[in-house]
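Encoded as structure tokens, the structure appears first; notes follow it.
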Amino acid sequence: MRDNRLKELFGAGEVVVNAWVSADSPYLAETLSHAGFDSVTVDLQHGMFGLDGAVRLIQAVSAGPAVPLARTPSLDAAVIGKLLDAGAYGIICPAVDDPGQAARFVAMCRYPPAGVRSYGPARANIAQVPGYVARADEQVLTWAMIESRPALDAVDAIAATPGLDGVYVGPNDLALALGAEPGLPVPPPEVDAALARIAEAAHAAGVIAGAFASGPAGARRLAERGYDFVTPGNDMALLRRAAAEGIAAVRGTAVTAAPSGGY
Numbered sequence: 246m247r248d249n250r251l252k253e254l255f256g257a258g259e260v261v262v263n264a265w266v267s268a269d270s271p272y273l274a275e276t277l278s279h280a281g282f283d284s285v286t287v288d289l290q291h292g293m294f295g296l297d298g299a300v301r302l303i304q305a306v307s308a309g310p311a312v313p314l315a316r317t318p319s320l321d322a323a324v325i326g327k328l329l330d331a332g333a334y335g336i337i338c339p340a341v342d343d344p345g346q347a348a349r350f351v352a353m354c355r356y357p358p359a360g361v362r363s364y365g366p367a368r369a370n371i372a373q374v375p376g377y378v379a380r381a382d383e384q385v386l387t388w389a390m391i392e393s394r395p396a397l398d399a400v401d402a403i404a405a406t407p408g409l410d411g412v413y414v415g416p417n418d419l420a421l422a423l424g425a426e427p428g429l430p431v432p433p434p435e436v437d438a439a440l441a442r443i444a445e446a447a448h449a450a451g452v453i454a455g456a457f458a459s460g461p462a463g464a465r466r467l468a469e470r471g472y473d474f475v476t477p478g479n480d481m482a483l484l485r486r487a488a489a490e491g492i493a494a495v496r497g498t499a500v501t502a503a504p505s506g507g508y
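Here the working numbering is used: position 116 in the sequence shown is 361, and no number is missing along the way.
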């Protein structure tokens, strides 16, 4: 098991820029890994693939320099274990609404006695590294998603969960939970205030503040506001934006692509 380069970047105070894969294309995942992103997240919640596809995508990301991460579809020990066994170096877990769920999530990512992860590292231990169990517990990162009213209300306690490495905002689900419009290029005031509160809670607890953004400009705004881990759009949004910009450049017209939104 290689060193998780993200730990070094976060420790140095760098902003980590993350790509997001929702298409079942190892070719695309490998391309993103070579595009300059620090990490690439394979999305098993909204991505158009199952576990078999996720394994192929994690392998493809691993062929490049980016760190492979995965979003589990739910708080499910079996799925989380498979993603880690496949070689994910970090897990983003959706719908974590309270510190109890956050603690269970962390336990699912750690071997006993620290947690409840079952041993069977498949390709994650392909290099047969001595002391894999301790090394995996040390290298694997964990993010709990804050995307509901209960999660926002409990964000201080969630962020302070022992062993949790960070929180990650799903801005569109959070907007819906707060009665605001999702998918806007600039967050509405109530979501903007929530983003500030979440970052403050994360840093007070000494953990990573991460979020999905509406695009590169939105990711930059998040970084300027103290977010450590930003995703400027998923694969399809990046492709759509690049295509629209290319067409506009050829035609000498304005870019007409819709903003990418965020999860």
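Quick reminder that beta carbons are idealized off the backbone N, C-alpha and C, glycines included. Computed from a predicted structure; not experimentally measured.
Tell me, which residues are paired with residue i by DSSP?
| i | result |
| --- | --- |
| G455 | Y413 and F474 |
| M246 | According to DSSP, M246 bridges with nothing at all. |
| L314 | T286 |
| A264 | V285 |
Could you check which residue in the options has the C-alpha nearest to that of residue i?
| i | options | result |
| --- | --- | --- |
| R316 | V378, L329, I403 and G309 | L329 |
| G455 | T406, R349, R362 and P416 | P416 |
| V262 | R496, Y472 and P366 | Y472 |
| G332 | S319, P477, T286 and T498 | T286 |
| R466 | M246, F255, A441 and A450 | A441 |
| P430 | A462, W265 and R368 | A462 |
| G345 | A405, V324, E253 and D297 | A405 |
| P318 | D288, Y334 and D343 | D288 |
| G451 | M246, G256 and G281 | G256 |
Once the 5 residues before and after residue i are set aside, which same chain residues still bring their CB inside 7 Å of it?
| i | result |
| --- | --- |
| A468 | V260 and V475 |
| M293 | S267, A268 and D269 |
| R301 | P271 |
| R349 | L320 |
Our contact map puts residue i next to residue j with C-beta atoms below 8 Å; I'd like the distance itself, whole angstroms only.
| i | j | result |
| --- | --- | --- |
| L314 | S284 | 5 Å |
| A299 | V341 | Wrong, their Cβ atoms sit about 20 Å apart, outside the cutoff. |
| G360 | V351 | 7 Å |
| V500 | A488 | At roughly 10 Å, the Cβ-Cβ gap does not stay under 8 Å, so V500 and A488 are not in contact. |
| R420 | V436 | Here residue 420 turns out to be Ala, not Arg, going by the sequence shown. Yes, they are in contact, since the Cβ atoms of A420 and V436 sit about 5 Å apart, within 8 Å. |
| A422 | S393 | 5 Å |
| A447 | G411 | 6 Å |
| G326 | S363 | 6 Å |
| V306 | N249 | Going by Cβ atoms, the distance from V306 to N249 rounds to 13 Å, so no, they are not a contact pair. |
Under DSSP, the beta strand (DSSP E) around residue i begins and ends at which residues?
| i | result |
| --- | --- |
| D330 | No beta strand (DSSP E) contains D330, which is instead part of the alpha helix (DSSP H) from A322 to D330. |
| M390 | L386 to I391 |
| G335 | G335 to C338 |
Assuming residue i is part of the alpha helix (DSSP H), what are its boundary residues?
| i | result |
| --- | --- |
| A300 | As written in the sequence, residue 300 is Val, which differs from the Ala given in the question. Unbroken alpha helix (DSSP H) run through V300: L296 to S307. |
| G463 | P461 to E469 |
| L484 | D480 to R496 |
| T406 | Here T406 belongs to no alpha helix (DSSP H), and DSSP marks it neither H nor E. |
Among the residues of its own chain, which have a CB less than 6 Å from the CB of residue i, if the five just before and after it don't count?
| i | result |
| --- | --- |
| V378 | Y356 |
| P339 | Q290 and M390 |
| A464 | A458, V475 and P477 |
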